[in-house]
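2 protein chains.
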Amino acid sequence: MARVRMADVALAAGVSTATVSMVLSDDPGTRTRISSETQARVREAAERIGYAPNSVARSLRTQRSRTVGLISDTIVTTPFAGRMLAGVNDLAREHGYLVVLVDTDDDVERERQAISALVGQQVEAMIYARMWHRTVAAPAGLPGSTVFLDCRPVGDSRPATVPDEQAGGAAATQELIAAGHRRIAYVDALQDADLVASGLRHQGYLSALARAGIAADPLLHVRGSSDASGGRAATEELLALPVERRPTAIFCFNDRMAMGAYSAARRAGLDIPTDLSVVGYDDQQLVAAELDPPLTTVALPHYEMGRWAMEVALGLREAEPGVAFLMPCPIIRRDSVGPPSEPAFT
Amino acid sequence: MARVRMADVALAAGVSTATVSMVLSDDPGTRTRISSETQARVREAAERIGYAPNSVARSLRTQRSRTVGLISDTIVTTPFAGRMLAGVNDLAREHGYLVVLVDTDDDVERERQAISALVGQQVEAMIYARMWHRTVAAPAGLPGSTVFLDCRPVGDSRPATVPDEQAGGAAATQELIAAGHRRIAYVDALQDADLVASGLRHQGYLSALARAGIAADPLLHVRGSSDASGGRAATEELLALPVERRPTAIFCFNDRMAMGAYSAARRAGLDIPTDLSVVGYDDQQLVAAELDPPLTTVALPHYEMGRWAMEVALGLREAEPGVAFLMPCPIIRRDSVGPPSEPAFT
DNA sequence: AACAGCAAGTTAATCGATTAAACACGTCGG
DNA sequence: CCGACGTGTTTAATCGATTAACTTGCTGTT
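Protein sequence lines correspond, in order, to chains E and D. First residue of the first sequence? That's 2 in the numbering used here, and the numbers climb one at a time after it. First residue of the second sequence? That's 2 in the numbering used here, and the numbers climb one at a time after it.
This is the structure we're talking about:
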């Protein structure tokens with residue numbers, strides 16, 4: 002079961018390995034032309050004895066591995082990972098690259114090991130991905146050709162891309178304003194310096210309100226843990242407000258909190274969207290679309306960010322140095338937004 | 002920015018590259034012993050000039066790449082992928098292996114390319130994963146060391162692992178029987194030859210019923226599309242039954258269908274678990290636990306299957322040839338199961 | 001004195017492909 | 001008839017590490 006080498010093909014075709022190499026890597030750059038007769042003989046022989054090139058040897062010789070390394074903190078807990086990976090992977094495949102994946106589980110020592118393992122593998126580029134939008138201190142040892150995905154490296158001018166959370170927050174809020182709402186709550190996550198998304202979405206919310214000439218009511222900015230139970234508790238707090246201060250619409254930090262808002266509304270006997278409109282964030286797979294009614298939400302552009310990172314990594318696209326590329330977050334309209342039940346007057 | 006090679010270390014330490022190689026790969030198998038003085042000098046030099054081994058060259062020489070290939074159909078659409086990948090990846094890391102990931106998007110031509118690319122990369126083993134439990138015709142070109150993950154190759158004796166769906170279906174049903182239910186429905190997916198899980202879970206359901214001496218009522222086996230809307234429609238069908246034939250508990254093919262069952266129950270004014278008990282399947286991340294009330298379900302052992310496949314691939318575990326290893330599906334108890342509202346009499 | 005035995009290294013072949021440079025053999029213009 | 005040139009192919013160096021086989025210089029034994 003010994004693998005068939007180029008030398009075997011050369012032997013079978015009665016030529017030298019140089020000829021075989023030139024024939025099989027048939028780019029026009031091959032200096033000299035091989036007679037088409039010889040070419041045919043070589044190809045036939047290669048086919049017949051089942052030759053498959055050894056890319057390890059090729060990589061060593063050419064110093065090009067056609068491989069990129071992807072370092073991520075956790076592929077495990079987030080369903081977004083898939084979309085990001087898919088973006089990276091699709092682009093890699095389209096250009097004949099292979100992706101070597103390492104998950105560090107957010108452990109600094111593992112990260113160090115992963116980086117040196119990938120550098121040792123001669124990866125041509127590296128993508129450093131976080132599964133939640135964060136600012137990070139770029140770890141040592143990352144090559145110059147590193148691209149940061151879903152994180153901003155501090156004091157580092159290498160390319161990076163993150164979602165445009167602020168525009169997304171504004172779009173979500175605008176969606177509610179456009180439906181006629183004036184009392185719009187923001188159900189935020191708990192304060193966390195690492196969770197940059199929370200603050201940015203809030204800024205988007207405030208700016209959309211300001212643009213529409215609506216004064217922000219601090220009572221309508223509530224917080225909870227960023228899961229269904231937190232969203233439910235925060236929403237219950239809002240619904241306990243005296244009726245004239247109560248929101249007619251809420252924008253939730255994420256889809257899981259929106260699930261909680263659905264529960265709270267249901268328990269209060271409120272129908273969505275008749276009595277309360279809800280907008281989420283993330284467009285979580287198998288969740289947002291499956292809620293009853295399906296949730297209007299803002300999508301996190303993971304697939305697009307993955308592609309972008311890979312394009313930059315492969316040098317197919319220039320990135321402005323020093324600033325993270327803000328990827329737009331499109332709003333996904335479903336059925337959880339309607340006009341306010343009592344028309345809003347100024 | 003030229004990479005530092007072993008020759009540079011040798012020069013810096015005043016020894017030959019052979020010595021450097023022996024020192025740095027410090028396994029006891031190194032035939033001759035190098036004086037500890039020289040060892041120290043080599044290590045110091047390597048450290049000082051920042052030597053990192055070139056694993057491409059090493060792989061070429063040793064014919065061992067310490068790399069395994071993972072071929073999957075779709076990492077994109079399923080949130081399970083992460084758990085499977087995590088299992089594969091954790092084990093790889095623990096043993097110093099790297100994972101090269103290729104997603105074929107279920108395209109035969111891409112699959113062919115992926116296989117030959119991985120073989121060319123000299124991967125030491127290959128894992129062929131499907132994201133949904135299926136039977137597959139093993140594609141040509143896969144090396145003997147391939148392990149099948151979440152799929153059964155037909156007429157192939159290479160190792161494979163799939164979830165023990167039948168035992169899982171029985172466990173879910175048993176959970177409801179133990180709570181006192183006798184009229185237990187199975188909300189199944191639509192018939193689909195490829196979806197082996199559906200039939201197996203149904204068999205488990207039937208056997209648990211039989212074991213408890215409960216006659217299966219064909220009216221209680223309904224089907225719908227395998228998402229929330231299908232689950233909802235199927236559940237509505239069940240709730241439209243005359244009260245004495247109506248189920249007091251339902252076992253859903255998956256968690257998304259269970260979400261639909263929740264909607265249907267809610268709209269019918271039924272409380273879960275007081276008026277209706279529900280058990281799901283999959284333990285879908287960020288879904289099952291976030292429902293209100295949190296859903297009791299059967300977990301798909303993706304992480305464990307990923308580890309198992311990698312253990313077998315690395316030769317750390319023997320697999321019985323010709324039969325797929327059935328990985329147990331543990332039941333995850335949450336709050337959607339309670340006693341039937343009217344005590345069940347025989 | 002002769003030599004076995006060992007410790008501590010070194011030399012050089014090797015893995016499988018790529019590629020610059022050399023070579024062999026026409027052919028053609030002057 | 002000679003050299004210049006073109007065409008088609010081969011030779012051999014190279015990528016960076018590993019490792020079998022060999023060298024060198026001692027020590028200890030008979």
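We treat Cβ as the ideally placed atom computed from N, Cα and C, and that holds for glycine.
For residue i, count neighbouring C-beta atoms within 10 Å of its own C-beta (all shown protein chains included) and say buried if the count is 16 or more, exposed if not.
i, result
"histidine 203 (chain D)", "buried"
"threonine 348 (chain D)", "Because residue 348 (chain D) is not part of the residues shown, which for chain D are 2 to 347, the question remains open."
"valine 43 (chain D)", "buried"
"histidine 96 (chain D)", "exposed"
"threonine 105 (chain D)", "buried"
"threonine 63 (chain E)", "exposed"
"threonine 20 (chain D)", "buried"
"valine 109 (chain D)", "exposed"
"leucine 92 (chain D)", "buried"
"glutamine 192 (chain D)", "exposed"
"alanine 235 (chain E)", "buried"
"arginine 4 (chain D)", "exposed"
"leucine 317 (chain D)", "exposed"
"threonine 249 (chain E)", "buried"
"glutamate 312 (chain D)", "buried"
"methionine 7 (chain E)", "buried"
"alanine 314 (chain E)", "buried"
"phenylalanine 346 (chain E)", "Reliability fails at phenylalanine 346 (chain E), whose pLDDT of 44 lies under 50, so the model's placement of it is uncertain and the value that follows must be treated cautiously. Counting Cβ neighbours within 10 Å, phenylalanine 346 (chain E) comes out exposed, since fewer than 16 surround it."
"glutamate 38 (chain E)", "exposed"
Per DSSP, what kind of secondary structure is residue i in: helix, strand or coil?
i, result
"threonine 347 (chain D)", "Low confidence applies here, because threonine 347 (chain D) scores a pLDDT of 42, under 50, leaving its location unreliable; read the following figure in that light. If DSSP states are grouped into helix, strand and coil, threonine 347 (chain D) belongs with coil."
"aspartate 283 (chain D)", "strand"
"proline 1 (chain E)", "In the structure displayed, chain E extends from 2 to 347; residue 1 (chain E) sits before or after that span and is not available."
"glutamine 167 (chain E)", "helix"
"threonine 20 (chain D)", "helix"
"arginine 257 (chain D)", "helix"
"isoleucine 76 (chain E)", "coil"
"tyrosine 304 (chain D)", "helix"
"threonine 39 (chain D)", "helix"
"isoleucine 128 (chain D)", "strand"
"methionine 328 (chain E)", "strand"
"aspartate 353 (chain D)", "Residue numbering for chain D in the displayed model covers 2 to 347; residue 353 (chain D) lies beyond these limits and cannot be assessed."
"threonine 63 (chain D)", "helix"
"glycine 70 (chain E)", "strand"
"isoleucine 116 (chain E)", "helix"
Just the chain D side, please: which residues come within less than 7 Å of residue i by C-beta, in chain order?
i, result
"glycine 121 (chain E)", "Ala53, Pro54, Asn55 and Ser56"
"methionine 260 (chain E)", "Glu291"
"alanine 118 (chain E)", "Leu99"
Which residue from the options puts its Cα closest to that of residue i?
i, options, result
"valine 148 (chain E)", "E:Arg334, E:Glu321 and E:Ile332", "E:Glu321"
"alanine 310 (chain E)", "E:Ile76, E:Leu61, E:Arg84 and E:Ala13", "E:Arg84"
"alanine 13 (chain E)", "E:Tyr52, E:Asp107 and E:Ser36", "E:Tyr52"
"valine 280 (chain E)", "E:Arg335, E:Arg153 and E:Pro164", "E:Arg335"
"cysteine 330 (chain D)", "D:Glu166, D:Arg67, D:Ser36 and D:Val24", "D:Glu166"
"glycine 145 (chain E)", "E:Gly261, E:Ala126 and E:Glu38", "E:Ala126"
"isoleucine 72 (chain D)", "D:Ile116, D:Ala82 and D:Pro54", "D:Ile116"
"valine 120 (chain D)", "E:Tyr263, E:Thr297, E:Leu99 and E:Ser342", "E:Leu99"
"valine 89 (chain D)", "E:Asn90, E:Arg94, E:Ala87 and E:Val101", "E:Val101"
"alanine 241 (chain D)", "D:Ala265, D:Tyr304 and D:Met260", "D:Ala265"
"leucine 207 (chain E)", "E:Gly169, E:Thr136 and E:Glu319", "E:Gly169"
"leucine 327 (chain E)", "E:Pro54, E:Gly15, E:Pro140 and E:Leu150", "E:Leu150"
"alanine 307 (chain D)", "D:Val69, D:Gly15 and D:Glu238", "One detail in the question is off: residue 307 (chain D) reads as glycine in this sequence, not alanine. Per the Cα distances, D:Val69."
"serine 230 (chain E)", "D:Ala290, D:Leu61 and D:Ala209", "D:Ala290"
Can you pull the chain D residues whose beta carbon is under 9 Å from the beta carbon of residue i, in chain order?
i, result
"arginine 267 (chain E)", "Arg267 and Asp293"
"threonine 79 (chain E)", "Pro80, Gly83, Gln286 and Leu287"
Confirm the yes/no value for this check: CB of residue i, any heavy atom of the ligand HEM, distance under 8 Å.
i, result
"valine 69 (chain D)", "Questions concerning the ligand HEM fall outside what the structure shown contains, since it holds no ligand whatsoever."
Which chain D residues sit within Cβ distance under 8 Å of residue i?
i, result
"valine 100 (chain E)", "Val101, Leu102 and Val103"
"arginine 111 (chain E)", "Arg94"
"serine 66 (chain E)", "Val57"
Name, please, each residue of chain E whose Cβ falls closer than 8 Å to the Cβ of residue i.
i, result
"isoleucine 76 (chain D)", "Gly83, Leu86, Ala87 and Asn90"
Using a cut-off of 7 Å between C-beta atoms, extract the partners of residue i located in chain E.
i, result
"leucine 61 (chain D)", "Val57, Ala58 and Leu61"
"arginine 257 (chain D)", "Leu287 and Glu291"
"serine 350 (chain D)", "The question about residue 350 (chain D) has no answer here: the residues shown for chain D are numbered 2 through 347."
Residues of the region 216 to 230 of chain E with Cβ closer than 9 Å to any Cβ of chain D, in chain order: Asp228, Ala229 and Ser230
Which residues of the region 195 to 211 of chain E have a Cβ closer than 7 Å to any Cβ of chain D? Give them in chain order. none
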